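Worksheet: one structure, shown below.
2 protein chains.
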Amino acid sequence: MAGAAPKRPATIHQVASLAGVSHTTVSRYLQDKDSLKPKTRVKVEFAIKTLDYRPNLVARSMRTRKTNRLAIVLAAGPYFPGRLLAAAFETAHKAGYQVEVVSIEGGPKVRADRIDDLAESGQVEGILAISSIGRTGRRSRRVPIVESDIYDDHLRGKGELANAAEVRAIIQHLSELGHRTFLHVAGAQTHTSARNRKSVYLQTIEELGLRSFGVLGGDDWSAQSGYDAITSLPDDCGVTAVVAGNDGVALGVVRGALARGWQVPRDLSVFGWDDEEFGRFSSPSLSTVAIDREARGRYAIHHLLAEIQGDPLPEPPSRDINRLIFRESTAPPPTAQ
Amino acid sequence: MAGAAPKRPATIHQVASLAGVSHTTVSRYLQDKDSLKPKTRVKVEFAIKTLDYRPNLVARSMRTRKTNRLAIVLAAGPYFPGRLLAAAFETAHKAGYQVEVVSIEGGPKVRADRIDDLAESGQVEGILAISSIGRTGRRSRRVPIVESDIYDDHLRGKGELANAAEVRAIIQHLSELGHRTFLHVAGAQTHTSARNRKSVYLQTIEELGLRSFGVLGGDDWSAQSGYDAITSLPDDCGVTAVVAGNDGVALGVVRGALARGWQVPRDLSVFGWDDEEFGRFSSPSLSTVAIDREARGRYAIHHLLAEIQGDPLPEPPSRDINRLIFRESTAPPPTAQ
DNA sequence: TTATAAAAAGTGATCGATCCACTTCTGAGC
DNA sequence: GCTCAGAAGTGGATCGATCACTTTTTATAA
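Quick note, the sequences are listed as chains Y and C, same order. Letter by letter, the first sequence follows residues 19 to 355 in our numbering. Letter by letter, the second sequence follows residues 19 to 355 in our numbering.
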């Protein structure tokens with residue numbers, strides 16, 4: 019099988035000699051077709067076609083010290099940010115970059131080391147870290163490294179937290195419906211977004227003078243965690259509204275409520291997050307927050323490209339790309355009926 | 019900003035001169051630390067540490083003609099095979115390969131061209147095409163190209179179709195419950211798997227002497243398509259069981275049934291595919307087929323690596339990695355009660 | 001024509017590693 | 001002390017492009 023013709027691909031020199039010009043001329047053609055006299059140009063084009071020549075990008079990278087490649091680093095695990103990635107790929111490709119995906123098992127330390135190696139290897143021009151990489155020690159200064167939750171950083175600079183506005187709006191909405199006692203089933207606390215939501219939840223409850231039965235979950239984003247949280251509640255807890263970490267968790271909450279004979283939304287209101295397709299079609303359909311993951315993916319890449327090229331950083335995407343969507347899973351509490 | 023110290027990373031020559039040895043010795047150290055005398059070895063190690071030297075992988079690739087990099091090509095679009103990819107990454111990394119992801123917009127022709135370019139660019143040692151790339155014209159023979167649905171190919175060789183066993187088992191199960199009239203809401207027919215399921219559905223209906231109201235959907239995998247399919251049925255269609263393209267479609271079917279006053283599973287049984295988390299927690303929970311996406315991802319990479327190394331191809335994963343799971347969305351039909 | 005500037009093409013060095021063919025050490029055996 | 005084999009180390013070529021210069025050709029004006 020490996021015995022196929024080991025014929026090496028054509029090089030720029032072979033093209034040059036077939037075309038009867040120097041290798042430099044061919045190189046020039048590759049960079050700007052119009053810098054050649056039409057006659058030479060035809061010869062070169064013919065030779066390229068005849069030999070089916072394609073430039074060896076590795077050799078080119080070596081000389082130019084440009085690879086036109088970015089790396090996206092993510093922690094290996096069950097949560098795979100597909101939509102963000104898809105948008106990131108597209109944006110990068112449009113800008114002429116290839117994207118290498120590196121998923122890393124192990125903790126933040128391992129990740130930080132691998133990122134350093136990657137940065138020093140000369141293989142990529144920039145790195146986008148999807149999962150937080152922490153602030154560990156020396157960070158290579160050879161290539162820009164951008165963390166995906168960068169506009170969280172941006173907000174943090176202003177003393178705010180990402181998602182703050184939405185969590186507050188959810189609670190406000192529910193309290194206007196008459197809810198007084200809340201529960202938060204948190205998402206994986208390893209994620210900045212989940213931590214932010216939790217903080218803002220607690221803070222808002224306090225500010226509006228409402229009651230919280232507490233925060234459950236927090237280990238992952240599973241529907242099971244929602245189910246477990248709700249089924250573990252004491253009967254007299256008084257909770258009538260749940261703010262879930264995301265739609266999956268919310269679905270688990272709904273199912274858990276059902277399991278103990280509570281109807282949603284009659285006895286319990288549930289709010290999700292992410293506007294997943296299943297939340298639109300489940301019964302009851304889930305109130306949720308529509309987030310524009312694609313916009314975040316695009317922004318992350320734009321940010322990285324700006325750093326690479328030394329351009330001014332782009333404006334973070336408008337915060338109201340996050341929209342509250344009210345569906346069947348929220349209603350006034352039983353006591354208010 | 020771009021004015022940071024343009025200090026170039028250390029090269030093998032600098033290491034050599036600091037260590038007082040030749041560059042070749044350093045190179046040998048990098049390849050096999052034990053081929054050096056302990057005394058020289060210490061000198062080299064010291065120099066490497068002092069200069070924080072890391073080999074330039076681009077230069078290395080150029081000389082060795084090995085990049086240790088694979089490419090995964092997928093059609094840009096809303097369906098992002100996250101779990102398959104995650105497993106593929108992991109497998110590749112374990113084998114010492116980096117993975118580049120190339121998502122391509124445009125039709126099969128564009129895709130085929132880009133794949134050719136990629137193959138010829140010398141940047142990757144193998145290509146895994148997730149979306150079918152068709153059989154268009156010349157295919158580069160420089161690096162192995164593997165299509166992800168390769169074990170479909172394997173089965174096709176035996177005159178079978180992938181998923182055949184499961185679709186047949188689903189219909190058989192439903193018919194044993196008493197169902198006689200079926201409907202299939204197909205997934206995107208651009209996908210081999212969706213086409214296979216459809217064919218086997220039709221074939222099985224025929225073989226078992228059952229009735230089919232037909233095949234709807236087929237444009238995508240959306241829940242909306244399931245909803246539309248079911249709400250468009252005439253009242254007297256007699257359909258009591260639906261085989262949906264996947265869990266999302268199934269959820270749409272359930273919701274659509276609800277919208278026209280049919281209860282699931284009392285009036286209609288619904289079977290999904292994929293064993294998504296939401297199907298386990300929706301109401302009713304969905305009967306489905308658990309497929310091992312990770313296994314497929316791993317297999318695809320193993321297959322590719324085998325081709326690269328000229329090893330014998332690995333056995334396709336056992337077919338019974340697909341398991342039928344019976345949940346609340348299936349039951350005997352109303353007439354049989 | 002010829003002088004001259006601009007455009008086009010050519011020469012050889014270079015990027016940072018590995019590999020190949022040698023040379024120099026080292027130490028065992030006599 | 002000498003020989004000699006094997007281990008250790010060296011110098012220079014090489015991979016396939018681009019780049020900085022130099023040389024040749026072409027176009028334009030006098």
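Built from N, CA and C at the ideal position, the CB exists for glycine as well. Note that the structure is a prediction, hence the values are computed from the model and not measured.
Return the CA-CA distance between residue i and residue j, expressed in angstroms with no decimal places.
i      : j      : result
C:S35  : C:H41  : 8 angstroms
Y:A318 : C:S230 : 49 angstroms
C:G263 : Y:V307 : 27 angstroms
Y:A147 : Y:G114 : 20 angstroms
C:L269 : Y:R101 : 21 angstroms
C:P334 : Y:V117 : 29 angstroms
Y:E225 : Y:A212 : 20 angstroms
C:A277 : Y:V161 : 55 angstroms
C:V91  : C:E123 : 11 angstroms
Y:V33  : Y:S45  : 10 angstroms
Y:A366 : Y:H191 : This structure cannot speak to residue 366 of chain Y, because chain Y is shown only from 19 to 355.
C:S53  : C:K127 : 51 angstroms
C:E108 : Y:A93  : 11 angstroms
Y:A20  : C:D70  : Residue placement at Y:A20 is flagged as unreliable, the pLDDT there being 40, under the threshold of 50; the coordinate-derived value follows with that caveat. One C-alpha to the other measures close to 39 angstroms.
Y:L103 : C:H197 : 43 angstroms
Y:I30  : Y:P73  : 7 angstroms
C:A313 : C:A105 : 7 angstroms
Y:W280 : Y:V271 : 11 angstroms
Are any of the Cβ atoms in chain C nearer than 7 angstroms to that of residue i?
i      : result
Y:N86  : no
Y:A204 : no
Y:E165 : no
Y:F289 : no
Y:E108 : yes
Y:S121 : yes
Y:G140 : yes
Y:R129 : no
Y:Q49  : no
Y:E295 : yes
Y:Q116 : yes
Y:N74  : yes
Y:A212 : no
Y:A28  : no
Does any residue of chain Y have a CB that is nearer than 7 angstroms to the CB of residue i?
i      : result
C:D347 : Going by the sequence as given, residue 347 of chain C is Ser instead of Asp. Cβ-Cβ to chain Y under 7 angstroms: no for C:S347.
C:F299 : yes
C:A182 : no
C:G100 : yes
C:Q357 : Outside the displayed range of chain C (19 to 355) lies residue 357 of chain C, so it cannot be described from this structure.
C:A77  : yes
C:L269 : yes
C:N6   : Nothing about residue 6 of chain C can be reported from this structure: the residues present for chain C run from 19 to 355 only.
C:R314 : no
C:R81  : no
C:R273 : yes
C:A104 : yes
C:A93  : no
Quick one: what's residue i bridged to in DSSP?
i      : result
C:K89  : A small correction: the amino acid at residue 89 of chain C is Ala; Lys does not occupy that position in the sequence shown. According to DSSP, which records beta bridges pairwise, C:A89 is partnered with C:E118 and C:I145.
Y:A204 : Y:G235
C:T306 : C:I343
C:S230 : C:F200
Y:S287 : Y:A259
C:I163 : C:I145
Meets three-Cβ-pair contact criterion under 8 angstroms: the stretch 78-89 of chain C and the stretch 278-297 of chain C: Under the 8 angstroms Cβ criterion, the stretch 78-89 of chain C does not count as touching the stretch 278-297 of chain C, having fewer than three qualifying pairs.
Three or more C-beta pairs below 8 angstroms linking the stretch 204-212 of chain C and the stretch 258-276 of chain C: Yes: the two stretches touch, three or more of their Cβ pairs being nearer than 8 angstroms.
Start-end ranges of the beta strand (DSSP E) lying completely within the stretch 27-94 of chain C, minimum 3 residues: Qualifying beta strand (DSSP E) stretches, in chain order: 87-93.
Given 8 angstroms, three or more beta-carbon pairs between the stretch 335-349 of chain Y and the stretch 331-344 of chain C: By the Cβ rule, the stretch 335-349 of chain Y does not count as touching the stretch 331-344 of chain C, because fewer than three pairs are nearer than 8 angstroms.
Meets three-Cβ-pair contact criterion under 8 angstroms: the stretch 209-223 of chain C and the stretch 241-254 of chain C: The stretch 209-223 of chain C vs the stretch 241-254 of chain C: no contact.
The stretch 240-250 of chain C / the stretch 294-311 of chain Y touching (three or more Cβ pairs under 8 angstroms): Look at the beta carbons and you see the stretch 240-250 of chain C touching the stretch 294-311 of chain Y: at least three pairs across the two are nearer than 8 angstroms.
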